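Enquirer: Sending over a structure as structure tokens; questions will come in a sec.
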Amino acid sequence: MAAYPDNYQKYLTFNIKTGEVYPISKEISANGLKWIFDSYKSTVRKRILNDKDGNSDEDIDDFNELKTTIDSLDSQELFGKYIFTKKGIMLSTERILPHVVQAFEPDRDLLVPYDKLKIYKAATAVVVK
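Numbering (our numbering), first residue to last: 33 to 161.
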């Protein structure tokens with residue numbers, strides 16, 4: 033076994049009253065989910081580019097790999113890891129770089145405030161007011 037074995041995690045958000053899985057689509061409309069998805073990708077791309085500017089050319093492959101993962105990100109991956117907080121919905125994606133170069137990983141967390149989501153509130157929403 034390697035020093036850093038592969039692992040797999042699955043994140044689920046539950047309705048605390050029913051105990052059933054609570055999909056983000058019950059809170060946010062399809063247009064809102066698209067807006068969140070596009071905003072997330074744009075934000076993480078900017079973080080990657082900002083970090084890239086401060087590093088040497090020999091590290092370019094790591095940054096290109098990061099950019100590729102964001103470009104190929106699908107909505108199921110993004111909306112598979114979220115949590116409702118007091119301030120908004122926190123989304124995140126998994127880190128992809130090996131531990132040796134994890135210092136190059138951008139911050140993959142994004143808090144989307146509820147006030148920005150109000151216009152995208154789904155009819156079934158109970159969290160977004």
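All residues carry an ideal CB built from backbone N, CA and C; glycine is no exception.
For clarity, every value in this text was computed on a predicted model and none was experimentally measured.
Indicate whether the contact test is met: 3 or more Cβ pairs, each with one atom in the stretch 151 to 158 and one in the stretch 92 to 110, closer than 8 Å.
Expert: no
Enquirer: For Ile48, does the three-state DSSP call read helix, strand or coil?
Expert: coil
Enquirer: Could you give the residue range of the beta strand (DSSP E) that holds Leu105?
Expert: According to the DSSP assignment, Leu105 belongs to no beta strand (DSSP E), since it is labelled neither H nor E.
Enquirer: Under the rule that 16 or more other beta-carbon atoms within 10 Å means buried, what is Leu123, buried or exposed?
Expert: buried
Enquirer: May I have a chain-ordered list of the beta strand (DSSP E) segments no shorter than 3 residues that lie completely inside the stretch 134 to 159?
Expert: DSSP runs (the beta strand (DSSP E)) wholly in the stretch 134 to 159: 141 to 145.
Enquirer: Hey, could you find the ends of the alpha helix (DSSP H) Tyr205 is sitting in?
Expert: Given that the chain is displayed from residue 33 to residue 161, the structure contains no residue 205 and the question cannot be resolved.
Enquirer: Using DSSP with H/G/I as helix, E/B as strand and the rest coil, what is Phe95?
Expert: helix
Enquirer: Under 8 Å by Cβ, that's how I've got Ile80 and Phe95 pegged, so tell me the actual separation to the nearest angstrom.
Expert: 6 Å
Enquirer: Leaving out the 5 sequence neighbours to the left and right, which residues in its chain are closer than 7 Å to Met33 when beta-carbon positions are compared?
Expert: The predicted position of Met33 is uncertain, since its pLDDT is 46 and thus under 50; a value taken from the coordinates is nonetheless stated next. Around Met33: no qualifying Cβ.
Enquirer: Alpha carbon to alpha carbon, how far is Phe111 from Thr45?
Expert: 10 Å
Enquirer: Within its chain, find whatever has a CB closer than 7 Å to the CB of Tyr54; leave out the 5 residues flanking it on each side and keep chain order.
Expert: So the list reads Thr45, Phe46 and Asn47, once near-sequence residues are dropped.
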